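For reference, the structure discussed in these notes is given below.
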Amino acid sequence: MKLTEDEWLYEIIDPAYLLPFVRKGSARKLRLYACACFTALQREPLQLKLPEEVLQLVAVAEQLADGKAKEAERSKAVRSAAKWLNELGTFRAAARKTLEKDAYKAATLTVDSMVEEYTEMEDERGLEEIDRIVEINEVLSPELREIFGNPFHPVKFNKKWRTSDVKLLAEGIYKEKSFDRTPILADALQDAGCDNEDLLDHLRETGSHVRGCWALDLVLGKE
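Have a look at this one:
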């Protein structure tokens, strides 16, 4: 699939249209994108409260993406979700999709299920279905760019920037999901000689990072 850089960065908000462009990318990142969609639901502007069992499923999917969950754990989580799949307004069906065996399928089906359920939820504002589709797409598509960055101009990382302090800080941020500390990581990288403005500027952004963040992955050497 062909896209222009402007289409990827700004013009297209439908993640279902953008996903084929990164289909051959990292399976880890594709699954983490599916998980990041649930983080996006909880942040502004939607700020939805998700059931604990949904968050537990997504946590298993994150572990699966990072190779820390086995097939038996995935299968068990899928089976446990079967009893409440049809409960509307909870995104339980979408959460189960994050555990599809194929990572690209997990990403696409999660998005499809999430958009479908969001548009079927009660809306006191009286928005038309098309407006609700646009609303949810505007929430989900930035997470795709957060994880895959700009494929048209990938940042090259100099291994000399990965000092012991930088590595320790980055590993802690990833493990603890303490993304409020990424500006500190940017300062540490700059002290180590990093002069790439795209990398530093992205890490200095606040409130938008998730596991799979292209900049943090680059520092950690993850794909």
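In terms of the numbering used here, the sequence shown opens at residue 6 and continues consecutively.
From the three backbone atoms N, C-alpha and C, an ideal C-beta is built for every residue, glycine too.
Quantities reported herein were computed from a predicted structural model and do not represent experimental measurements.
Asked: Are N142 and D19 closer than 8 Å when you measure CB to CB?; Found: yes
Asked: Provide the residue span of the alpha helix (DSSP H) that contains H207, from first to last.; Found: E202 to R209
Asked: Find the nearest neighbour of R79 within the set V160, D128, A108 and K29, judged by alpha-carbon distance.; Found: A108
Asked: Name the two residues that bound the continuous alpha helix (DSSP H) containing Q52.; Found: No alpha helix (DSSP H) contains Q52, which DSSP labels as neither H nor E.
Asked: Using the three-state DSSP reduction, which class does R167 fall into: helix, strand or coil?; Found: coil
Asked: Any contact of the segment 163 to 175 with the segment 116 to 124, i.e. 3+ C-beta pairs under 8 Å?; Found: no
Asked: Cβ of L62 within 8 Å of Cβ of A98?; Found: no
Asked: Taking 8 Å as the threshold (C-beta atoms), are V215 and A100 in contact?; Found: no
Asked: If you check the beta carbons only, do A112 and L35 fall under 8 Å apart?; Found: yes
Asked: Return the chain-ordered list of same chain residues with a C-beta closer than 6 Å to the C-beta of A32, the five sequence neighbours on each side being excluded.; Found: A108
Asked: Pick out the complete beta strand (DSSP E) segments inside the segment 18 to 97, 3 residues or longer, and give them in chain order.; Found: none
Asked: Using C-beta distances below 8 Å, list every residue in its chain close to M225, excluding the 5 sequence neighbours before and after it, in chain order.; Found: Per the sequence shown, residue 225 should be read as Leu rather than Met. Within the same chain, L225 has close Cβ partners K172, A175, E176 and Y179.
Asked: Can you give me the C-alpha to C-alpha distance between R150 and F157, rounded to a whole angstrom?; Found: 12 Å
Asked: Flag this pair as yes or no: are the beta carbons of W13 and L24 separated by less than 8 Å?; Found: no
Asked: Is the CB-CB distance between L208 and T187 below 8 Å?; Found: yes
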